[in-house]
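I have placed the structure first, in the form of structure tokens, so that the comments after it can refer back to it.
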Amino acid sequence: MSLVLKSAPATGRAVVRRALRDLWDQGPTADAAGGAAINLAEPIPLYRLGLNQIDATGGLTQAQHVGWRYLLETAGGDTAVADVGEVGGGETRFASLARGENARRLIEAATLAESVAQQKPEEYEVRILDVPALHVSAIWLAGENNIFIPYLDMKRLRGAKVDVADDFLNTLASRAQTLTKALSQMDQRPDFRSGP
């Protein structure tokens, strides 16, 4: 059917433009945009899941809305993403700017999300889900039946095509369990420090 975007903060676009002016106009990065105007697409809400919040049964209720991710493209084909965090009182603060392959893959995933949503009878809210502990980011089509399109996954996607992942939550839960177990075993190592 269609994608729905949550309303972005009024100050977000200005915050990104100011950061781009500061970051893209200095030194070698000034040529990165090739003098072309930067297209600032509508931002996608950014959600984050901690390692201990991952639930294979589909429970994403603990995913926290932490900000917005803006997709940036120039007429010259350069791509980037800018993150804006929300602080109290509706204020926004610039968080990061990333260019290169990850930005290109996010734009590819967003394009695929539009295509996938058009083939479905229900509406989906488009989001981005970041799981920093597992180095995973995905477009999250939030609806009755969630759909995930991972675009950043250090373990599975090296050189792989961006596509819908039917097993996304199960895979996350399995990897989270493995990492949690490994971390707990590290805590149980004997103390080999010397001294009295």
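For the sequence shown, the positions run 1431 to 1626 when this note's numbering is used. Positions of the beta carbon are idealized from the N, C-alpha and C atoms, including for glycine. Small disclaimer: the values here were computed from a predicted structure and weren't measured.
Asked                                                                                                                                                           : Found
Which residue from L1502, Q1494, P1439 and K1591 puts its Cα closest to that of V1561?                                                                          : Q1494
Within its chain, find whatever has a CB closer than 8 Å to the CB of Y1581; leave out the 5 residues flanking it on each side and keep chain order.            : N1532, R1535, L1536, E1538, A1539, S1567, A1568, I1569, L1587 and V1592
Exposed or buried, what is T1509 when buried is set at 16 or more other beta-carbons lying within 10 Å of its beta-carbon?                                      : buried
Which of the three DSSP states, helix, strand or coil, is assigned to D1596?                                                                                    : coil
Under 8 Å Cβ to Cβ from V1445, same chain only, skipping five residues before and after it: list those, please.                                                 : V1514, T1522, R1523 and F1524
Can you list the alpha helix (DSSP H) stretches of 4 or more residues lying completely in the region 1469-1535, in chain order?                                 : none
Put S1432 into one of helix, strand or coil per three-state DSSP.                                                                                               : strand
Using a 10 Å radius around the Cβ and a threshold of 16 neighbouring Cβ atoms, would you call D1583 buried or exposed?                                          : buried
Between which two residues does the beta strand (DSSP E) holding S1567 run?                                                                                     : V1566 to A1572
To the nearest angstrom, how far is it from the Cα of L1613 to the Cα of A1528?                                                                                 : 29 Å
Here's a check: name, in chain order, each residue in its chain whose Cβ is nearer than 6 Å to the Cβ of K1436, leaving out the five neighbours to either side. : P1475
What separation, rounded to the nearest whole angstrom, lies between the Cα atoms of D1596 and A1590?                                                           : 15 Å
Just verifying my parser: in three-state terms, what is the DSSP assignment at E1552?                                                                           : coil
Can you give the Cα-Cα distance for A1547 and A1449, rounded to whole angstroms?                                                                                : 32 Å
Where L1479 and S1604 are concerned, what is the direct C-alpha to C-alpha distance, given to the nearest angstrom?                                             : 15 Å
Check each candidate in R1447, E1472 and L1481 and name the one with the smallest Cα separation from K1411.                                                     : Lying outside 1431 to 1626, the shown extent of the chain, residue 1411 is not represented and no answer is given.
Do Y1500 and A1559 come within 7 Å of each other at the CB atom, strictly closer than that value?                                                               : A small fix is needed here, since residue 1559 is Leu in this sequence, not Ala. The answer is no: Cβ separation not under 7 Å.
What does the Cβ neighbour count give for G1506, buried or exposed, with the cut at 16 atoms within 10 Å?                                                       : exposed
Quick one: give me the first and last residue of the beta strand (DSSP E) that P1580 is part of.                                                                : I1577 to D1583
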